[in-house]
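Worksheet for the structure shown next.
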Amino acid sequence: MRKKQFKAESKKLMDMMINSIYTHKEVFIREIISNASDALDKLYFKSLTDSSVGLNKDDFCIRLSVNKNDRTLTIADNGCGMTEDELENNLGTIAKSGSLAFKTENEQSEDVDIIGQFGVGFYSAFMVSDSVTVESKAFGSDKAYRWVSTGADGYTIEECEKDSFGTVITLKLKADTEDDNYSQYLETYKIESLVKKYSDYIRHPIKMYVESKELKEGTENEFETVITDKTLNSRVPIWKKNKNEVTDEDYNNFYTEKFYDFEAPAKVIHSKTEGNATYSALMFIPKRAPFDYYSKDFEKGLQLYSKGVLIMDKCKDLLPDYFSFVKGLVDSEDLSLNISREMLQHDAQLKLIAKTIEKKIKSELEKMLNNEREAYEEFFKTFGMQIKFGIYNSYGMNKDNLKDLILFYSSKDKSLVTLKEYVGRLKDGQEKIYYACGETIEKIEMLPQTEAVKDKGFEILYLTEYVDEFTVKMLHEYDGKEFQNICDEKLDLNTEDEKNALKEKNEADKEMLTFIKEALNGDVSEVRYTNNLKNYASCLTSEGNLSLEMEKVLNAMPSNEQKVKAEIALEINANHELANKLKELYESDKDTLKSYAKLLYAQGCLISGVSVKDPAELSNLIVDLMVK
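Residue numbers for the sequence shown follow the numbering used here, so the first one is 236 and each next one is one higher.
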């Protein structure tokens, strides 16, 4: 029998198919099963108008079988089959797709769900096979034909015997090498796992005879081998069912099994969208963050299906970074895939789906915030930092989209509040949103400025995470109210008369204040009196855009080799008895005043959570003053 050559520069193209297009060899089973599913769909479509087909919907089937002795894997279907000419055209010409032609001819029908479009998936079989045999009998034909190929060197076609219509593909697997274990594709468990992974939602049953050991009836320890005709795929995806058909238990079981979590999700988002981009989405918000969530090793993304066939395990383009905690999947019929079905063409469809998914997630989070406040607060404690980072990242591009989703602790009752809630209960005449930063609520409440601001009746937002102040700096304002750090020099709690009196006092004691500044050897940019304290004697305030808290955060980053330094001022309570004591020392004992200055600065550092440069010096200063 004369061997025929592939068309379309076969040798070069076949080599590319086998070695370049597909990332993982295991996808061959996805491609061949998808082709079998297309063949079933074509005949099923015909059966709708032709009673001679003689098959009901439930009669269509894909069957897998292995022969370890012969090293063969067989995929059989009772679909439309192929004539000799179709074998020649579809398998003899690489990149000629019969499925695409059929799909084009019947694109208006809702009953056809054709997967293939490029005509190349079949050749993925050569990644794992020395030879591929296709035996096919077209529906309505009395002749069957056998197509055989060992790869790029060509193929043969001859007439053969086959009882029923459909197609049987037999792969003669390659011998194992040091790098590749081809024998794994002869193991039942491996076949089951690959079908589950890639083809679980093919709508036709994928069957296989599976051996198992079961306890022999009437015995306690005798086992027998039982062969079961097992359906390997789920067939109907849960996300294609109507919501009223799916229970909470169904969702929870699907989530824990599919995404390897040990507890049910905090939120289920099930949506179907039609229009410019038609797709189904089933997404979940976990109760807990994965152990590697805030590490560089974490990979975001949703599983991507096309007509129930897994295309990509983590499609990162479907989720913005600030919603990276979402797990789930998207199934679309409209995406433009590349030739291997492993990559997406980055087109308008993908962007449109990603945009609508983003809007859907945000909408569901807003509902959760408004209707399930306790659940939302638990969610936010776990993933809120990521949303705050989304505001800060990309130069604030998404701040308007996310600002109403964030929460901060409040001085009002130590509970979490939204910015909208804070602004909604502003004190009459209040023009600022006051906030303070620290490692914990307890430490923030120890800040000298906190006492005075609360005494004025103003609510304070407590920012306890490292990203918090960067977030509010990027927001700058909310509903026309600017954010104000209570430890900033711009804090103003005084009346005009109080301001004028303070200005006069600073002018009167300017020399002493300058002396104290010089005694601190450049640690502070200014020393001045303040009226923004109640019972505390002094405090440190930041000047400029870089606060003490931001200094701590930036200097703690391993990538930041060049340390930053906030400009700070030492402020002395103008109404505290210490102010008079300092004036006395300036007149009588400037050396002791220097010690007081260093002590006040160190005290301010400790209260603000900033490390003291020389703890030993501080200790000695305290002892010296104690013995005087």
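The beta-carbon is built from N, C-alpha and C at its ideal position, and this holds for glycine as well.
| Check | Outcome |
| --- | --- |
| Classification of H505 by the beta-carbon crowding that lies within 10 angstroms, buried from 16 upward | buried |
| Extent of the continuous alpha helix (DSSP H) to which M620 belongs | 608-627 |
| Given D276 as reference, the closest of I297, K260, H259 once Cα atoms are compared | I297 |
| Residue burial classification, M518 (beta-carbon count within 10 angstroms, cutoff 16) | buried |
| Beta carbon of D566 nearer than 8 Å to that of G543 | yes |
| Own chain partners of A512 with C-beta closer than 6 Å, once the 5 adjacent residues on each side are dropped | D569, Q584, L587, I588 |
| Exposure label - R265; buried when at least 16 CB within 10 Å | buried |
| Burial state of R306, where buried means 16 or more other Cβ atoms lie within 10 Å | buried |
| Beta-carbon proximity of A687 to L661, cut-off 8 Å | no |
| The stretch 825-835 touching the stretch 741-755, judged by at least three CB pairs closer than 8 Å | yes |
| Alpha-carbon to alpha-carbon, S782 and D723 | 7 Å |
| Sequence-distant residues of its chain with Cβ nearer than 7 Å to A851 (five each side left out) | none |
| Opening and closing residue of the alpha helix (DSSP H) in which F280 lies | 263-282 |
| Ranges of the alpha helix (DSSP H) found wholly within the stretch 401-429, counting only runs of at least 4 | none |
| Top-ranked residue by Cα proximity to V762, from N770, E394, F750 | F750 |
| Buried or exposed (CB count within 10 angstroms, at least 16 for buried), G692 | exposed |
| For C296, the three-state DSSP class (helix, strand or coil) | coil |
| DSSP-derived helix/strand/coil call for D365 | strand |
| Of the residues D732, Y514, L856, A743, the one placed nearest N815, counting alpha carbons only | A743 |
| Where H259 falls, given that 16 or more other Cβ within 10 Å makes a residue buried | exposed |
| Classification of S645 by the beta-carbon crowding that lies within 10 angstroms, buried from 16 upward | buried |
| The stretch 493-505 / the stretch 547-556 touching (three or more Cβ pairs under 8 Å) | no |
| Residues near N790 in its chain [Cβ-Cβ closer than 8 Å; skip 5 each side] | K798, V799 |
| Nonlocal neighbours in the same chain, by C-beta distance under 6 Å from L828, ignoring five residues either side | L820, Y821 |
| Touch test, the stretch 302-320 against the stretch 446-466, Cβ-Cβ under 8 Å, three pairs minimum | no |
| Validate contact between the stretch 285-297 and the stretch 385-394 using beta carbons, cut 8 Å, 3 pairs | no |
| Inter-stretch contact at 8 Å, needing at least 3 Cβ pairs: the stretch 317-325 / the stretch 408-418 | no |
| Host beta strand (DSSP E) of V565 (start-end) | 562-567 |
| Nearest neighbour of E396, chosen from R608, K407, K378 [CA to CA] | K378 |
| Between the CA atoms of H811 and K602 - distance to the nearest angstrom | 50 Å |
| Chain D contact for G625 (CB, 8 Å cutoff) | Judged by its chain identifiers, the structure shown contains no chain D, having just a single protein chain. |
| Cβ neighbour criterion (16 or more within 10 Å) applied to H439 | buried |
| Beta-carbon proximity check, I668 vs V652, cutoff 8 Å | no |
| Buried/exposed call for T675, threshold 16 Cβ in 10 Å | exposed |
| CA-to-CA distance, K431 to V262, given in whole angstroms | 12 Å |
| Start and end residues, beta strand (DSSP E) containing E393 | 389-395 |
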